[in-house]
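Heads up: the protein sequence lines correspond to chains A and E, in order.
The numbering of the first sequence is the numbering used here, which starts it at 297 and goes up by one.
The numbering of the second sequence is the numbering used here, which starts it at 297 and goes up by one.
Note that beta-carbon positions come from the ideal geometry of N, C-alpha and C, so glycine has one too.
As the structure is a prediction and not an experimental result, all values here were calculated from the model.
Here's the structure we're looking at; comments come further down.
Protein chains: 2
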Amino acid sequence: MIGPGKAELLERIERCGSIAAAGREMGMSYKRAWQLIRTLNAMFRAPLVDSTRGGASGGGAVLTENGHRVLALYRAFEAEAAGAGADHLAALQALLRDIPEER
Amino acid sequence: MIGPGKAELLERIERCGSIAAAGREMGMSYKRAWQLIRTLNAMFRAPLVDSTRGGASGGGAVLTENGHRVLALYRAFEAEAAGAGADHLAALQALLRDIPEER
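Structure, rendered in structure tokens:
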């Protein structure tokens, strides 16, 4: 549903204020960046990005409240997954020899 | 250092009382099972398996106290890793539409 690439795109949109500019920073085509945002917006109950295409102001994009919520939940999920079992792993590693004889 | 296969071998050794029988249950050769146990015993500060090869009693193997400790830590690590981020993931999933328009 949402992974590292989409999360990064959302963060860059928030910073750049533009879907195209955010995608460009990630080496993504204009078309691809818009496609990902359309997918994300359709996938969730409420859109994650609010955008205006072109126009006098040149268009712009911001994260919606739901966009901020999803991004925060995703980052929290990532952090928890990365830290999971760290204590048990450290306890196991403390039982290893300093220089393993075999790997 | 220790993964699903070695953990399973240790559990089966505890149940079978024999390295060869435990390995056989996993479709492993006698040589391979012994090799894994030698590796594990050498890798940790204290051996995980205590064994006697052949002899009048036909040989046998049991987990040492350290073997039980390592196995328990590994299983705890696995369980924690499997459950990590589950709450955040559930919260994210609750924000998804029931029928995603795109995947």
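Review point. Which residue from E/Val345, E/Glu374 and E/Ala380 puts its Cα closest to that of E/Gly363?
Key: E/Val345
Review point. Whose C-alpha, out of E/Glu304, E/Met297 and E/Val358, is nearest the C-alpha of E/Glu310?
Key: E/Val358
Review point. DSSP on E/Thr348, reduced to helix/strand/coil?
Key: strand
**Study point:** Proximity of E/Leu367 and E/Leu306 at Cβ, strictly below 8 Å
**Key:** yes
Review point. Helix or strand or just coil, what does DSSP make of A/Met324?
Key: coil
Exercise for review: Rank A/Asp383, A/Gly323, A/Pro343 and A/Asn337 by C-alpha distance to the C-alpha of E/Tyr284 and give the top, closest one.
Suggested key: Residue 284 of chain E is absent from the structure shown; chain E starts at 297 and stops at 399.
Check your understanding: What residue from E/Glu374, E/Ala372, E/Leu385 and E/Ala375 has the CA that sits closest to A/Ala375's CA?
Key -> E/Leu385
Point to revise | Candidates A/Thr348, A/Ala378, A/Ala372 and A/Arg341: closest to A/Glu361 by CA position | key: A/Arg341
Review point. What does a CB cutoff of less than 8 Å around A/Pro396 pick up in its chain, not counting 5 residues either side in sequence?
Key: For A/Pro396, the predicted model reports a pLDDT of 48, less than 50, meaning its position is unreliable; a value from the coordinates is still stated below. Correct list: empty, nothing qualifies.
Check your understanding: Name the chain E residues whose beta carbon is nearer than 7 Å to that of A/His384?
Key -> Leu369, Ala372, Phe373 and Glu376
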